[in-house]
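Sequential numbering from 164 applies to the sequence shown in this note's numbering.
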Amino acid sequence: MGGIAIKGCGKGIPRYSLHNRDLEEFLDTSHDWIVSRTGIEERRVAAPDEDNVSLSLLACGQALERAGVEGRDVDLIVVATATPDRMVPSLACTLQRELGSRGPALDINAGCSGFIYALAIAFHLMRGGIATRALVVGTETLTRIVDWRDRSTCVIFGDGAGAALLAPCPEGEGIIAASLDALGEGDGLIRAEGGGARMMASLAGGLVPGNHLLPSPLPHLHRTWNGIDPFLRMDGKEVFKFAVNKLCATVKELCSAAGVGTEEVSLIIPHQANLRILAAAAERLGVPKESFFTNIQRYGNTSAASIPIALEEALRAGMIREGDLVILAGFGAGMTWGGALLRWQDGQAIEGGRTA
Ligand code: UT7
Numbered sequence: 164m165g166g167i168a169i170k171g172c173g174k175g176i177p178r179y180s181l182h183n184r185d186l187e188e189f190l191d192t193s194h195d196w197i198v199s200r201t202g203i204e205e206r207r208v209a210a211p212d213e214d215n216v217s218l219s220l221l222a223c224g225q226a227l228e229r230a231g232v233e234g235r236d237v238d239l240i241v242v243a244t245a246t247p248d249r250m251v252p253s254l255a256c257t258l259q260r261e262l263g264s265r266g267p268a269l270d271i272n273a274g275c276s277g278f279i280y281a282l283a284i285a286f287h288l289m290r291g292g293i294a295t296r297a298l299v300v301g302t303e304t305l306t307r308i309v310d311w312r313d314r315s316t317c318v319i320f321g322d323g324a325g326a327a328l329l330a331p332c333p334e335g336e337g338i339i340a341a342s343l344d345a346l347g348e349g350d351g352l353i354r355a356e357g358g359g360a361r362m363m364a365s366l367a368g369g370l371v372p373g374n375h376l377l378p379s380p381l382p383h384l385h386r387t388w389n390g391i392d393p394f395l396r397m398d399g400k401e402v403f404k405f406a407v408n409k410l411c412a413t414v415k416e417l418c419s420a421a422g423v424g425t426e427e428v429s430l431i432i433p434h435q436a437n438l439r440i441l442a443a444a445a446e447r448l449g450v451p452k453e454s455f456f457t458n459i460q461r462y463g464n465t466s467a468a469s470i471p472i473a474l475e476e477a478l479r480a481g482m483i484r485e486g487d488l489v490i491l492a493g494f495g496a497g498m499t500w501g502g503a504l505l506r507w508q509d510g511q512a513i514e515g516g517r518t519a
């Protein structure tokens, strides 16, 4: 049985950037607090004419082009999102229509671990002979479900999409180990009740008082559900401890499954949640903090989109070379966590398929 590799990556980034200084205009916060506690300087906010479909299509288009694959040659789409544009049907089916692809298409929700879950699902479906070319997408419009009066959450999250094209490669290259896990006991630590069948979007009321203070084009984001709390809420302190523990455990587990030492890993691309989480994990693992790729400074926490966006940027920056060992690792709502260890295979030559 051959291997499965990521052959091309792409990202879809909203046009509008919201800097910490903009938040100071309407929120009891400061640029210095946000930078010192999280590392975030700015985040992207989807404008009214942008959504998960448009951002994902940008990301998929780049991933396909870089892999030298046409949309019609894709026979599996797995999308990870916690903020789908609508409940039914799945975003993956809409992407399939737009891209002219075929085969199974499904959405999954594993919070900020979503991309890792989607990657592992696609990997195993491909290994099982269900598909030969897969698009794995992580996409979020979190700014539409945060409470812009809640400084403990709204300063953290941002919007965006990332995609990876998976195709066959020689055994021992590409994805060489993957791990997934969840602890449902932590299901209250990160939650958003709005928009589900228990709290239908049709209950939406008017604008939240004070939203007129927000800079354009943000006011369209602020709907409330007549007394019911629909917004994203998080127990930051508990999540922080969980994140450091699970990030370290995932890196160790993947290295041990592949029989390699952590020092042999060239780059770790973690979910971009907080620079302090990454610094704490680096210290605990005994690796330099430069082992972790970061771009949270510019995008904030984009949940399921953060790892594929970071991977695209690490590749574009020339930080990953043929043969490098790379770890992708995520953690988030559920609580969920997981990772993948890859021996990087250059994206251009696809076995048994088209080439760029
Ligand atoms: O992607 C899913 C995974 N999510 C995460 O990994 C998030 C993990 N958690 C975190 O990143 C951090 O817990 C936060 C960044 C969310 C918060 O940082 P913290 O150091 O845990 O702050 P805290 O919640 O303990 O709050 C400390 C103080 C509080 O004031 P008092 O009670 O000490 O007077 C907060 O009210 O900071 C205050 N505070 C703020 N101050 C200014 C909270 N948010 C802000 C803010 N600006 N934006």
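We put the CB at the ideal spot given by N, CA and C, even for glycine. Predicted model, so just to flag it, every value in this text is computed and none were measured.
Check, Outcome
"Range of the contiguous alpha helix (DSSP H) that encloses LYS409", "399 to 421"
"Beta bridge counterpart(s) of SER342 as assigned by DSSP", "GLY502"
"Check: CYS275 C-beta below 6 Å from any heavy atom of the ligand FAD", "Annotation note on the ligand FAD: not contained in the displayed structure, which lists the ligand UT7 as its ligands."
"One or two residues paired with GLU205 in a DSSP bridge", "HIS182"
"Between the CA atoms of LEU227 and ILE167 - distance to the nearest angstrom", "16 Å"
"Opening and closing residue of the alpha helix (DSSP H) in which PHE278 lies", "277 to 290"
"Exposure label - VAL232; buried when at least 16 CB within 10 Å", "buried"
"For ASP471, the first and last residue of its enclosing alpha helix (DSSP H)", "Residue identity check: residue 471 is Pro in the sequence provided, not Asp. Unbroken alpha helix (DSSP H) run through PRO471: 469 to 479."
"Bridge-paired residues (DSSP) for VAL242", "ASP270 and VAL300"
"Span of the alpha helix (DSSP H), counted from its first residue to its last, around ALA443", "438 to 448"
"Cβ contact check for the stretch 196 to 216 and the stretch 437 to 456: 3 or more pairs under 8 Å", "yes"
"LEU305 versus LEU505, THR257 and ARG354, residue with shortest Cα-Cα distance", "ARG354"
"Candidates ARG461, HIS194, GLY301 and GLU187, of which the one nearest ALA324 by Cα", "GLY301"
"For PRO393, the nearest candidate out of LEU221, ARG307 and ALA421 (CA to CA)", "ARG307"
"At least 3 beta-carbon pairs within less than 8 Å: the stretch 262 to 279 vs the stretch 489 to 502", "yes"
"Check: ASN437 C-beta below 6 Å from any heavy atom of the ligand UT7", "yes"
"Assumed close pair MET498, LEU346 - CB separation to whole angstroms, cut-off 8 Å", "5 Å"
"Any non-hydrogen atom of the ligand UT7 within 6 Å of THR192 CB", "yes"
"Buried or exposed by the 16-neighbour rule on C-beta atoms within 10 Å, applied to GLY291", "exposed"
"HIS434, buried or exposed, once every other Cβ within 10 Å from all chains shown has been counted against 16", "buried"
"DSSP three-state assignment for ILE167, whether helix, strand or coil", "strand"
"Start and end residues, alpha helix (DSSP H) containing ILE459", "459 to 462"
"Closer than 7 Å to chain D by CB, VAL251", "The structure shown contains no chain D; it is built from a single protein chain."
"Rounded C-alpha distance that separates ASP236 from TRP507", "22 Å"
"heavy atom of the ligand UT7 below 6 Å from TRP311 C-beta", "no"
"Start and end residues, beta strand (DSSP E) containing VAL489", "488 to 495"
"Touch test, the stretch 167 to 185 against the stretch 313 to 331, Cβ-Cβ under 8 Å, three pairs minimum", "yes"
"ARG206 beta carbon less than 7 Å from that of GLY321", "yes"
"Spatial distance of PRO451 from VAL407 (CA atoms)", "15 Å"
"ASP322 (DSSP reduced to helix, strand or coil)", "strand"
"Segment limits, alpha helix (DSSP H) that includes LEU220", "215 to 230"
"Alpha carbon of ARG314 to alpha carbon of ALA294, nearest angstrom", "44 Å"
"Length of the line joining the Cα atoms of GLU514 and MET164", "Residue placement at GLU514 cannot be trusted, given a pLDDT of 44 that sits under 50; what the coordinates show is reported in the next sentence. When rounded, the distance between both Cα atoms is 13 Å."
"Cβ neighbour criterion (16 or more within 10 Å) applied to LYS404", "exposed"
"Pick from ALA444, GLY502 and ARG484 that is closest to ILE470, judged by C-alpha positions", "GLY502"
"Paired residues, beta bridge with PHE455 - DSSP", "ILE431"
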